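*Asks:* Residue numbers (the working numbering): 173 to 509.
Using N, Cα and C, we set each Cβ at its ideal position, and we do this for glycine too.
Remember, predicted model here, so these are calculated numbers, not experimental data.
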């Protein structure tokens with residue numbers, strides 16, 4: 173009865189470090205062998221991209237952690253030449269999550285992959301003089317969606333510990349919203365596969381990351397704003413709402429889509445678009461990331477609207493909202509004490 177609830181067996185986290193001694197790939201493989209006859213998938217955590225290739229294919233469900241602000245990282249943040257020569261020690265380009273996700277995905281095909289996304293944590297330091305020691309809501313959302321748009325099949329938050337959430341109350345609602353959106357699009361994400369990825373450059377500057385996941389019931393289209401800027405005084409990345417035109421290729425079976433709409437935690441929304449054969453062009457205003465659905469038939473919207481109502485009803489059934497209700501947040505504080 174308990175087996176269906178076991179996500180994966182992990183006893184070898186970050187083998188490239190190994191608690192002070194790197195664990196050779198053969199040794200990792202040998203430790204996984206006893207689980208071969210079982211129904212339990214094995215999992216391994218990766219952290220340092222340059223040596224992921226040595227461990228590719230060893231586990232059933234590889235995943236990685238990489239945090240782009242105020243956290244330990246194997247890449248040298250001050251060497252990124254991303255903002256006109258301005259070098260940062262408190263953060264790295266958020267879109268590198270997309271790059272790393274594609275790397276791990278292609279190294280381990282056809283296995284599924286997962287990502288530890290940066291959430292609230294009470295114990296990160298003040299890197300480069302940054303006072304806020306966890307991501308802002310927009311930094312959190314950007315990192316999560318750079319991974320989701322490259323089709324991770326699980327997203328884990330680091331972390332959901334009570335102390336961390338109490339320290340960063342303003343991240344409870346953003347995490348909840350991303351979770352709700354994942355539940356809305358999970359069937360399309362899990363039954364589809366990556367179809368297109370393109371980094372759009374305008375006036376010699378990064379403009380948009382465009383990605384799609386196509387499946388039998390429809391495609392998920394993602395547009396990431398890359399014109400965010402570092403606030404050198406506050407030392408956080410700042411986003412603004414931005415208008416854009418997003419061109420995506422469509423698979424043959426979606427050349428005559430039944431419906432097209434935008435998806436977010438608040439529900440489904442009409443969007444301006446045009447279809448020309450196997451090309452779709454969407455016009456919209458985006459803050460951080462936009463999510464769009466190209467449905468094969470016209471009944472998918474009703475299905476997702478019903479699911480959205482069910483998700484909201486489930487959340488509200490707890491009658492507990494520490495993100496917005498002070499009395500509920502105080503109850504969490506008392507629980508921690």
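(1) Taking all protein chains shown into account, do 16 or more other C-beta atoms lie within 10 angstroms of the C-beta of residue 214, making it buried, or fewer, making it exposed?
(2) Please classify residue 212: is it buried, with 16 or more other beta-carbons within 10 angstroms of its beta-carbon, or exposed?
(3) In angstroms, rounded to a whole number, what distance separates the CA positions of residue 382 and residue 185?
(4) Under the rule that 16 or more other beta-carbon atoms within 10 Å means buried, what is residue 225, buried or exposed?
(5) Exposed or buried, what is residue 412 when buried is set at 16 or more other beta-carbons lying within 10 Å of its beta-carbon?
(6) What are the partner residues of residue 214, as DSSP defines its beta bridges?
(7) Have a look at the DSSP bridge pairing and note the partners of residue 373.
(8) By Cβ distance below 7 Å, which residues in the same chain neighbour residue 431 in space, the five residues on each side in sequence not counted?
(9) Thinking C-alpha only, which one of 272, 268, 247 and 269 is nearest residue 261?
(10) Within 8 Å, do at least three Cβ pairs link the stretch 401-408 to the stretch 440-457?
(11) Rounded to whole angstroms, what is the Cα-Cα separation between residue 263 and residue 209?
(12) From what residue to what residue does the alpha helix (DSSP H) around residue 486 run?
(13) With 7 Å as the threshold, decide whether the Cβ of residue 200 is near any Cβ in chain D.
(14) Taking just the CA atoms, how far does residue 285 sit from residue 221?
(15) Starting from the C-beta of residue 276, find all residues in its chain whose C-beta is less than 7 Å away, skip the five residues before and the five after it, and write them out in chain order.
(16) Quick check: residue 366 and residue 316, are their CB atoms within less than 7 Å of each other?
(17) Measure the alpha-carbon distance for residue 309 versus residue 241 and round it to whole angstroms.
(18) Tell me the DSSP secondary structure of residue 285 in three-state form.
(19) I'd like the list of long-range same chain contacts for residue 441, defined as Cβ closer than 7 Å, with 5 residues on each side in sequence excluded.
(20) One question on the structure: do residue 319 and residue 269 come within less than 7 Å of each other, judged by their Cβ atoms?
(21) Between which residues of its own chain and residue 511 is the CB-CB distance below 6 Å, once the five residues before and five after are set aside?
(22) Give the single residue among 306, 357 and 368 whose Cα lies nearest to the Cα of residue 342.
(23) Bridge partners for residue 451 per DSSP, in chain order?
(24) Which residue marks the beginning of the beta strand (DSSP E) containing residue 410, and which one marks its end?
(25) Along the chain, where does the beta strand (DSSP E) that runs through residue 434 open and close?
(26) Using a Cβ-Cβ cut-off of 7 Å (strictly less than) and excluding sequence neighbours within five positions of residue 492, which residues of its own chain qualify?
(27) Near residue 180, which residues of its chain fall below 6 Å by C-beta distance, leaving aside the five closest residues on each side in sequence?
(28) Could you tell me which uninterrupted alpha helix (DSSP H) segments, each at least 4 residues in length, are contained entirely in the stretch 273-357, listed from first to last along the chain?
(29) If we count the other Cβ atoms within 10 Å of its Cβ and call it buried at 16 or more, is residue 332 buried or exposed?
(30) Cβ of residue 358 within 7 Å of Cβ of residue 384?
(31) Determine which residues share a DSSP beta bridge with residue 394 and list them.
*Replies:* Short version:
(1) buried
(2) exposed
(3) 32 Å
(4) exposed
(5) exposed
(6) 181
(7) 378
(8) 467, 470, 472 and 473
(9) 247
(10) no
(11) Straight-line Cα distance between these residues: approximately 43 Å.
(12) 472-488
(13) Although the question refers to chain D, the structure presented lacks it and comprises just one protein chain.
(14) 14 Å
(15) 218, 224, 234, 236 and 285
(16) no
(17) Cα atoms of residue 309 and residue 241: separation of roughly 12 Å, rounded to the nearest angstrom.
(18) Three-state result, residue 285: coil.
(19) 433 and 434
(20) Yes, the Cβ-Cβ distance between residue 319 and residue 269 is below 7 Å.
(21) Nothing about residue 511 can be read from this structure; the chain reaches only from 173 to 509.
(22) For residue 342, the nearest C-alpha among the options comes from 306.
(23) 421 and 448
(24) 408-410
(25) 431-436
(26) 500
(27) 213, 215 and 233
(28) 309-320 and 334-339
(29) exposed
(30) Not a contact, by the Cβ cut-off of 7 Å.
(31) 383 and 463
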